[in-house]
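Heads up: the sequence shown runs through residues 273 to 643, numbered per the numbering used here.
Just so it is clear, CB atoms sit at the ideal spot from N, CA and C, and this is done for glycine as well.
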Amino acid sequence: MEREVVNVDLGDRSYDILIGPNLVPNAGALIKPFLKRNHVVIITDENVARLHLATLEKGLADQGISSSALKLPAGETTKSWEMLQETTEWLLSEKVERDDIVVAFGGGVIGDLAGFAAAIMRRGVRFVQIPTSLLAQVDSSVGGKTGINSPHGKNLVGAFYQPQLVLADVEVLGTLTSRDFLAGYGEVIKYGMLGDIKFFTWLEENGPAMAAGDMKKRIYAVKRSCQMKADIVARDEKEHGDRALLNLGHTFCHALEAATGYSDRLLHGEGVAIGCALAFETSMRLGLCAQEAPSRVRAHLKNMKMKVDLSDIEGKLPNADALINFMAQDKKVQDGKLAFIMARSIGDSYVDRDVDLTVVKSVLEDALSLR
């Protein structure tokens, strides 16, 4: 099965995303052209280390590349000041130089944390992303957003810092739990909703087979998602315009993540799926899109056995006013105004900074009343 390549065109900071099977075992050969010396440092989490670290280390060793690894706790709480300090101090103790390569080997949490550590280490050390979750392969490993969470909100401390290379090994996805895979699918379906009705239709037809393990369909879905993100990032690297479209569902999502304490009660991709459903419902109530659009979105999410409603989140949630207050901490707020990604239809979204918050509140109140 041939590997696919998507290029992120950013001039002298351009890089390739390689997509296909067996990339982790062959990582040494793929990373070696970037090395000034035959040594890399790996930042990973305990779960990924248990499943895949030996394969990566062997792939590096086969090319004469030595490595050392830092294994951090798994989970969203690792994106913290404490773990950032631990990571940067470890990199310093490993005598990492600016021309070395830091390998971020894990899901979105590890990619964001390791990328941020690389960005601030010696004012910038090169790094390679090897994303091991579907969510990281289609979203967080691409585009150079790195960072950690704050008690004030998600991803509020960070930097734009592009990797040298991204290796998206779709074979690794076979070790994900069904819940983690479907959480990543929340980001995949987002791309169809925000800008490609044909991709959304393809996912309606092929999503179940993809979730069941069809390798060719997984490669296509990852490639199409990465291509859409790469095109947007090339136009708007630092989110002054089009890149904000990638936040479809995220204003709702980040509020729900904050409300659930960034815990396993709600995975990021689950929040994105629920957030997209809420965004389409809000768009419909504002008269922006037809009633069929949110119904079709919800039907597909339910067909994939994903979280769709606030009632799918275990435990207590705060009221609508409190959720809107969480939204007000979002890093996309400008001049005190919240940015929502609204939809005219599936595949046609835009940034709206003048959404009537009374409508948003009514959507949230209705959703909370069904719990």
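How about Gly-541 and Gly-464: do their beta carbons lie closer than 8 Å? In the sequence shown, counting from the first residue as 1, residue 541 sits at position 269. In the sequence shown, counting from the first residue as 1, residue 464 sits at position 192. No, they are not a contact pair.
Between Leu-439, Val-438, Phe-471 and Arg-490, which has its C-alpha nearest Phe-453's C-alpha? Start at 1 with the first residue of the sequence shown, and residue 453 comes out as number 181. Checked all of Leu-439, Val-438, Phe-471 and Arg-490; the closest Cα to Phe-453 is Arg-490.
For Glu-645: DSSP bridge partner residues: Since the first residue of the chain shown is 273 and the last is 643, residue 645 is not available in this structure.
If you drop the 5 nearest sequence neighbours on each side, which residues of the same chain put their C-beta closer than 8 Å to that of Leu-517? Counted from its first residue, the sequence shown places residue 517 at position 245. Excluding positions up to five away in sequence, the list reads Leu-466, Gly-467, Ile-504, Ile-613, Ser-621, Tyr-622 and Val-623.
With a 10 Å radius around its C-beta and 16 neighbouring C-beta atoms as the bar for buried, classify Leu-328 as buried or exposed. Within the sequence shown, numbered from 1, the residue matching residue 328 stands at position 56. Buried: at least 16 other Cβ atoms inside 10 Å.
Contact between the stretch 378 to 397 and the stretch 471 to 483: three or more CB pairs below 8 Å? no
Can you grab the Cα-Cα spacing for the pair Ile-461 / Arg-370, in whole Å? Numbered from its first residue, the sequence shown carries residue 461 at position 189. Numbered from its first residue, the sequence shown carries residue 370 at position 98. Looking at the two C-alpha atoms, the distance is approximately 37 Å.
Are the stretch 429 to 442 and the stretch 542 to 550 touching, with three or more C-beta to C-beta distances below 8 Å? The answer is no - the stretch 542 to 550 does not touch the stretch 429 to 442, with fewer than three Cβ pairs under 8 Å.
CA-to-CA distance, Glu-564 to Ala-262, given in whole angstroms: With the chain running from 273 to 643 in the structure shown, residue 262 is simply not present.
In three-state terms, what does DSSP make of Arg-398? Within the sequence shown, residue 398 is the residue found at index 126, counting from 1. Correct three-state label for Arg-398: strand.
Taking just the CA atoms, how far does Gly-543 sit from His-522? Within the sequence shown, numbered from 1, the residue matching residue 522 stands at position 250. Within the sequence shown, numbered from 1, the residue matching residue 543 stands at position 271. Going by the C-alpha atoms only, they are around 8 Å apart.
DSSP bridge partner residues for Tyr-534 (one or two, in chain order): Locating residue 534 in the sequence shown gives position 262, counting from the first residue. In the DSSP output, where bridge partners are listed per residue, Tyr-534 has none listed.
Distance between Lys-495 and Asp-281 (C-alpha atoms, nearest Å): Numbered from its first residue, the sequence shown carries residue 281 at position 9. Numbered from its first residue, the sequence shown carries residue 495 at position 223. Computed Cα separation, rounded: 15 Å.
What number of angstroms, rounded off, separates the C-alpha of His-572 from the C-alpha of Ile-291? As a first step, residue 572 must be located in the sequence shown, where it is residue number 300. As a first step, residue 291 must be located in the sequence shown, where it is residue number 19. Straight-line Cα distance between these residues: approximately 26 Å.
Return yes when the Cβ of Asp-638 is within less than 8 Å of the Cβ of Leu-558, no when it is not. Taking the sequence shown and counting its residues from 1, one reaches residue 558 at position 286. Taking the sequence shown and counting its residues from 1, one reaches residue 638 at position 366. No, these two residues do not count as a Cβ contact at 8 Å.
Quick one: Cα of Leu-307 to Cα of Ile-373, how far? Position 35 of the sequence shown, counted from the start, is the residue given in the question as residue 307. Position 101 of the sequence shown, counted from the start, is the residue given in the question as residue 373. The alpha-carbon atoms of Leu-307 and Ile-373 are separated by roughly 7 Å.
Inter-residue Cα distance where the pair is Pro-590 and Leu-332: The residue you call residue 590 lines up with position 318 of the sequence shown. The residue you call residue 332 lines up with position 60 of the sequence shown. Between Pro-590 and Leu-332, the C-alpha separation is close to 48 Å.
What do you get for Pro-345, buried or exposed, if any count of 16 or more other CB atoms within 10 angstroms of its CB means buried? On the sequence shown, position 73 is the one that residue 345 refers to. Classification of Pro-345: exposed, given that the 10 Å Cβ count is below 16.
Tell me the start and end of each unbroken alpha helix (DSSP H) in the stretch 277 to 359 that is at least 4 residues and wholly inside, in chain order. 299 to 303 and 326 to 333
Meets three-Cβ-pair contact criterion under 8 Å: the stretch 358 to 368 and the stretch 406 to 415: no
Measure the alpha-carbon distance for Ser-535 versus Pro-423 and round it to whole angstroms. Within the sequence shown, numbered from 1, the residue matching residue 535 stands at position 263. Within the sequence shown, numbered from 1, the residue matching residue 423 stands at position 151. Between Ser-535 and Pro-423, the C-alpha separation is close to 13 Å.
For Val-381, which three-state DSSP category applies? Locating residue 381 in the sequence shown gives position 109, counting from the first residue. Three-state DSSP puts Val-381 in a helix.
Do the CB positions of Gly-380 and Ala-408 come within less than 8 Å of each other? Within the sequence shown, residue 380 is the residue found at index 108, counting from 1. Within the sequence shown, residue 408 is the residue found at index 136, counting from 1. Closer than 8 Å, so yes.
I need the straight-line Cα distance from Pro-305 to Ile-337, nearest angstrom please. On the sequence shown, residue 305 is found 33 positions in, with the first residue counted as 1. On the sequence shown, residue 337 is found 65 positions in, with the first residue counted as 1. So the alpha carbons of these two residues sit roughly 11 Å apart.
If you count every other CB in all the chains shown that lies within 10 Å of the CB of Gly-533, and 16 or more means buried, which is it? For the purposes of this step, residue 533 is taken as the residue at position 261 of the sequence shown. Classification for Gly-533: exposed.
Return the bridge partner residues of Ala-241 from the DSSP annotation. This structure cannot settle anything about residue 241, because the visible part of the chain is limited to 273 through 643.
Mind pulling the beta strand (DSSP E) runs of 3 or more residues that sit fully within the stretch 547 to 592? none
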